[in-house]
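Sequential numbering from 1 applies to the sequence shown in UniProt numbering.
Even for Gly, the Cβ is constructed at its ideal location relative to N, Cα and C.
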Amino acid sequence: MPKVIVNNIEVEVAENATVLDAVKKTGGYVPTLCYMNLEEIGIENKPASCRVCVVEVEGRRNLAPSCATPVFEGMKISTHSRRAVNARRTVVQLLLSDHPNDCLKCPKNGECDLQDLAAELNIVRNPYIGKKSTYDKDISSAIIRDPSKCVMCRKCETACNVFQTVGVLSAVDRGFEATVKPSFDLPLEETACTFCGQCVAVCPTGALSERSYIDEVWNEIEDPKKHVVVQTAPAVRVAIAEEFGYEPGTISTGKLVGALRALGFDAVFDTNFAADLTIMEEGTEFIHRLKNGGFMPMLTSCCPGWVKFLEHQFPGLTQMPSTAKSPQQMFGAIAKTYYAKKVNKDPKEELKVVSIMPCLAKKYEAGRPEINSSEEYQDVDYSLTTRELAKMIKEAGLNFDNIPEEEYDSPLGESTGAADIFGRTGGVAEAALRTAYEVLTGETLEEVEFKDLHGYEGTRFAEVEINGKPIKIAVAFGLGNVRKLLDDICKKKIELHLIEVMACPGGCVGGGGQPYHHGDLSIIKKRAEALNNVDRNKKVRKSHENESIKTLYKEFLGEPGSEKAHHLLHTHYVK
Ligand code: HC1
Ligand code: SF4
1 MPKVIVNNIE
11 VEVAENATVL
21 DAVKKTGGYV
31 PTLCYMNLEE
41 IGIENKPASC
51 RVCVVEVEGR
61 RNLAPSCATP
71 VFEGMKISTH
81 SRRAVNARRT
91 VVQLLLSDHP
101 NDCLKCPKNG
111 ECDLQDLAAE
121 LNIVRNPYIG
131 KKSTYDKDIS
141 SAIIRDPSKC
151 VMCRKCETAC
161 NVFQTVGVLS
171 AVDRGFEATV
181 KPSFDLPLEE
191 TACTFCGQCV
201 AVCPTGALSE
211 RSYIDEVWNE
221 IEDPKKHVVV
231 QTAPAVRVAI
241 AEEFGYEPGT
251 ISTGKLVGAL
261 RALGFDAVFD
271 TNFAADLTIM
281 EEGTEFIHRL
291 KNGGFMPMLT
301 SCCPGWVKFL
311 EHQFPGLTQM
321 PSTAKSPQQM
331 FGAIAKTYYA
341 KKVNKDPKEE
351 LKVVSIMPCL
361 AKKYEAGRPE
371 INSSEEYQDV
381 DYSLTTRELA
391 KMIKEAGLNF
401 DNIPEEEYDS
411 PLGESTGAAD
421 IFGRTGGVAE
431 AALRTAYEVL
441 TGETLEEVEF
451 KDLHGYEGTR
461 FAEVEINGKP
471 IKIAVAFGLG
481 NVRKLLDDIC
491 KKKIELHLIE
501 VMACPGGCVG
511 GGGQPYHHGD
521 LSIIKKRAEA
531 LNNVDRNKKV
541 RKSHENESIK
551 TLYKEFLGEP
561 GSEKAHHLLH
571 THYVK
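In structure tokens form, the structure reads like this:
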């Protein structure tokens, strides 16, 4: 193993280590911009194009990009020689010379790596003034593309092409004209983009961001004629606190509810209620398919990014997913019918439903014609991300530390532990099994955690015996992993009964609308573990034991899978 010296500290590193690895091993630091190593999901982006990480190597004429330079025995590295720092400053000044100077109204203001670099390198003036490239913004979809802010790091391309295997974004043109865009310069809305938001999650600048509905939601809240209800996704409660300086994995369900009430929502409900409802409908469908030789395997259908991926990439398999709508949409359909009647509000004019989601694809899902139960209105009017909610809380001047912990409103606020784990990979399958096992065997499930479904590998397999028969399950996150799994199913290499699919790393906890992870995916595991703890602390941990769900069926829906349930809670897919 070679020994190298970084800033006078000797360190032994692996044979194939880079200078950056060596620097990190000494506890040192070099800024990076285009480099990204998401070890947890096996993705590395190393175009060595930005040159921000250059260091001085003794005996070498040129400065070396630390992310892409291999070490050699006896190498002497200086990370912050004046020459290296000045070169970095020049690189950043040149990037800024072709960058819009509108940081104060940029969606990434305060979260932008380029902005941080400019501050770190003490850039107070820029000698490089000249022509700027101009591009139109793409505002066609849930994802806003502003190519004038692109720094050609190509992280989005890696997220889209390698992790998701969607291949919507590619670098085009050369030199001053170079940028990243969809083929034929199509608006994202017209491409196979799944709106998973993983490109937004890794973009270091404001080149990619979400379509925000904050102003529209404020207007609804302010309108005295409107009754505005809000639902919160499972993964939001274990992430929102990060926006206020708390540790990843801090559980803040009570503060989340308190904050939403303080913002002025008329009722604060939980998407988890509808996650329990999803299990009733999806579980019934699964049992029906199992007993009657229906189409197998059944795929979960609550992740809208995954659904869109299937429709574009595997149009021949659209009979595989459950027809159950996602919890977001089930919530909307129940709110605009059952709840609207209870509070005597017109679902089109008076009742507005807002969702707080860790996801960008939920914005797209809310507008899908096939998923809405009426042609007159959307079941979910606005979907905001965790980040957007944090902005609203800050805008309203609420001090997160002092927000009182409050309880969800009734009846659409009650949920079980099975619903909480929807937000982490493996959770939907586990929640479904908790119910399917008891319904199929008639026995009480004493140990409700299916440990084989826990874990963070991109694809996992488990087998559960029910009534002496093995039920084969797979869990996958990341659309590239899903693609491999579906290819194997099509080639009949594996046989399965149930597959849980989520587009984002670790499931919804790693959604594209969550607080930015800035390249540290260990955050996502902490959020997932927090959800497991929320589940463990619930008295009721099986969806079919949710009393409000029982009442909903008794008062309104009839049985799971009833005609009314089908009309309101099921959907179909397009090819
Ligand atoms: Fe998800 Fe779901 S778990 S899709 O990841 O089924 O977004 O959190 O709300 O709808 O419940 C997201 C999370 C979320 C739905 C649920
Ligand atoms: Fe690719 Fe997902 Fe970004 Fe669409 S949202 S461009 S699918 S990474």
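Reduced DSSP secondary structure (H/G/I, E/B, other) of residue i
{"i": "residue 355", "result": "strand"}
{"i": "residue 209", "result": "strand"}
{"i": "residue 83", "result": "helix"}
{"i": "residue 47", "result": "coil"}
{"i": "residue 15", "result": "coil"}
{"i": "residue 251", "result": "coil"}
{"i": "residue 485", "result": "helix"}
{"i": "residue 549", "result": "helix"}
{"i": "residue 570", "result": "strand"}
{"i": "residue 77", "result": "strand"}
{"i": "residue 330", "result": "helix"}
{"i": "residue 436", "result": "helix"}
{"i": "residue 321", "result": "strand"}
{"i": "residue 70", "result": "strand"}
{"i": "residue 89", "result": "helix"}
Residue i vs residue j beta-carbon contact at 8 Å
{"i": "residue 142", "j": "residue 436", "result": "no"}
{"i": "residue 192", "j": "residue 162", "result": "no"}
{"i": "residue 357", "j": "residue 378", "result": "no"}
{"i": "residue 448", "j": "residue 542", "result": "yes"}
{"i": "residue 11", "j": "residue 32", "result": "no"}
{"i": "residue 277", "j": "residue 549", "result": "yes"}
{"i": "residue 303", "j": "residue 501", "result": "yes"}
{"i": "residue 146", "j": "residue 132", "result": "no"}
{"i": "residue 323", "j": "residue 561", "result": "no"}
{"i": "residue 128", "j": "residue 93", "result": "yes"}
{"i": "residue 552", "j": "residue 420", "result": "no"}
{"i": "residue 30", "j": "residue 53", "result": "yes"}
{"i": "residue 540", "j": "residue 417", "result": "yes"}
{"i": "residue 64", "j": "residue 124", "result": "no"}
{"i": "residue 248", "j": "residue 527", "result": "yes"}
{"i": "residue 388", "j": "residue 212", "result": "yes"}
{"i": "residue 306", "j": "residue 482", "result": "yes"}
{"i": "residue 38", "j": "residue 519", "result": "yes"}
{"i": "residue 376", "j": "residue 345", "result": "no"}
{"i": "residue 459", "j": "residue 485", "result": "yes"}
Nonlocal neighbours in the same chain, by C-beta distance under 6 Å from residue i, ignoring five residues either side
{"i": "residue 471", "result": "464 and 497"}
{"i": "residue 308", "result": "194"}
{"i": "residue 557", "result": "564 and 565"}
According to DSSP, residues forming a beta bridge with residue i
{"i": "residue 138", "result": "145"}
{"i": "residue 460", "result": "475"}
{"i": "residue 231", "result": "269 and 355"}
{"i": "residue 465", "result": "470"}
{"i": "residue 382", "result": "354"}
{"i": "residue 501", "result": "476"}
{"i": "residue 38", "result": "43"}
{"i": "residue 181", "result": "170"}
{"i": "residue 9", "result": "6"}
{"i": "residue 365", "result": "Paired residues: none, contrary to the question."}
{"i": "residue 298", "result": "498"}
{"i": "residue 54", "result": "65"}
Presumed contact (8 Å Cβ cut-off) between residue i and residue j, rounded CB distance
{"i": "residue 321", "j": "residue 299", "result": "4 Å"}
{"i": "residue 197", "j": "residue 513", "result": "6 Å"}
{"i": "residue 577", "j": "residue 331", "result": "Coverage of the chain is limited to positions 1 through 575, which leaves residue 577 absent and any answer about it impossible."}
{"i": "residue 476", "j": "residue 499", "result": "7 Å"}
{"i": "residue 265", "j": "residue 229", "result": "7 Å"}
{"i": "residue 467", "j": "residue 440", "result": "6 Å"}
{"i": "residue 281", "j": "residue 569", "result": "5 Å"}
{"i": "residue 546", "j": "residue 414", "result": "6 Å"}
Neighbourhood of residue i by C-beta distance below 8 Å, restricted to the same chain and skipping five residues each side
{"i": "residue 398", "result": "259, 262 and 263"}
{"i": "residue 442", "result": "none"}
{"i": "residue 178", "result": "152, 171 and 172"}
{"i": "residue 140", "result": "187, 188, 189 and 190"}
Close Cβ partners of residue i (< 7 Å) along its chain, the five nearest in sequence each way excluded
{"i": "residue 256", "result": "232, 236, 237 and 240"}
{"i": "residue 78", "result": "7, 55, 56 and 84"}
{"i": "residue 202", "result": "36, 155, 156 and 159"}
{"i": "residue 200", "result": "143, 208, 209, 210, 360 and 512"}
{"i": "residue 109", "result": "103"}
{"i": "residue 380", "result": "328, 329, 332, 353, 355 and 366"}
{"i": "residue 206", "result": "106, 107, 108, 112, 146 and 149"}
{"i": "residue 616", "result": "With the chain represented from 1 up to 575, any question about residue 616 goes unanswered, as that position is not in the structure."}
beta-carbon residue i near ligand 4 non-hydrogen atom, thresh 7 Å
{"i": "residue 514", "result": "Annotation note on ligand 4: not contained in the displayed structure, which lists ligand 1 and ligand 2 as its ligands."}
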